[in-house]
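Notes to accompany the following structure.
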Amino acid sequence: MEVRVLRLDHRRVRDARITTHVCLTARALGASGVFLSGDHDKKLMGNVQDVVKRWGGNFQVEYCKKWGNLLEEWKDKGGEIVHLTMYGEQVQDVTPQIRSSPRDKLVVVGGSRVPSKVYQEADWNVSVTTQPHSEVSALAIFLHMLYDGKELDLEFENGDMKVIPSARGKNVVMKNKTEKNNLDEKVTGDD
Numbered sequence: 019m020e021v022r023v024l025r026l027d028h029r030r031v032r033d034a035r036i037t038t039h040v041c042l043t044a045r046a047l048g049a050s051g052v053f054l055s056g057d058h059d060k061k062l063m064g065n066v067q068d069v070v071k072r073w074g075g076n077f078q079v080e081y082c083k084k085w086g087n088l089l090e091e092w093k094d095k096g097g098e099i100v101h102l103t104m105y106g107e108q109v110q111d112v113t114p115q116i117r118s119s120p121r122d123k124l125v126v127v128g129g130s131r132v133p134s135k136v137y138q139e140a141d142w143n144v145s146v147t148t149q150p151h152s153e154v155s156a157l158a159i160f161l162h163m164l165y166d167g168k169e170l171d172l173e174f175e176n177g178d179m180k181v182i183p184s185a186r187g188k189n190v191v192m193k194n195k196t197e198k199n200n201l202d203e204k205v206t207g208d209d
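Residue numbers (my numbering): 19 to 209.
The structure is reproduced here in structure tokens:
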């Protein structure tokens, strides 16, 4: 089963950070790619592809001008659509049924306002709690439940960098060398 994500209604200026986090979450938790609708944001797409180059894996970000056509094509090819929304069936109740189907999944996460067509076309409208929160958290929880936790053991091939888990400090293996930063040392960059 292949899993891809459709990010609806991306707005270049307003949504750059949240859409980037949707892409990074999708990649880290096992999706094979993201379709980006709304504004065609080449910079964001390039930044995500740069992460893929540095950290490995086979993940793609594609622009999708007409997301309605994508939904129809996905279903025509035998795929299923999972729409993450606070108004759907509870994730803990419906995920076993979704997981049992071997068909490819398109996971739709909304933008500013989700059109009714998405609710109608979806095979499942899935609620990760019935409270307002982030599409990033909804995506992370859904993928974790869909993959039954196995996504936490994914290996990303062909990257230039890899983190080696440790109880203290930061250990990053880079192609041809290893960098170690202990907690006593000054560490720069994002955590």
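Just so it is clear, CB atoms sit at the ideal spot from N, CA and C, and this is done for glycine as well.
Compare the Cα-Cα distances from residue i to each of the options and report the closest residue.
i      : options                       : result
Met19  : Ala140, Leu172, Gly97         : Gly97
Ser55  : Ala49, Cys41, Leu47, Ala46    : Cys41
Arg30  : Met63, Ala158, Lys71, Val190  : Met63
Asp122 : Asn65, Val69, Glu173, Glu91   : Glu91
Leu24  : Val190, Asp166, Lys71, Leu157 : Leu157
Val125 : Val112, Pro114, Lys95, Phe160 : Phe160
Gln138 : Ile99, Arg117, His58, His162  : Ile99
When burial is assigned at 16 or more other CB atoms within 10 Å of the CB, is residue i buried or exposed?
i      : result
Asp33  : buried
Met192 : exposed
Asp171 : exposed
Arg35  : exposed
Gly86  : exposed
His151 : exposed
Glu175 : exposed
His101 : buried
Going by the DSSP bridge assignment, what does residue i pair with across the sheet?
i      : result
Val126 : Leu24, His101
Trp92  : DSSP lists no partner for Trp92.
Glu80  : Phe53
(message) Under 8 Å: do the stretch 102-109 and the stretch 142-155 share three or more Cβ pairs, one atom per stretch?
(response) Below 8 Å, enough C-beta pairs join the stretch 102-109 and the stretch 142-155 to call them touching: three or more.
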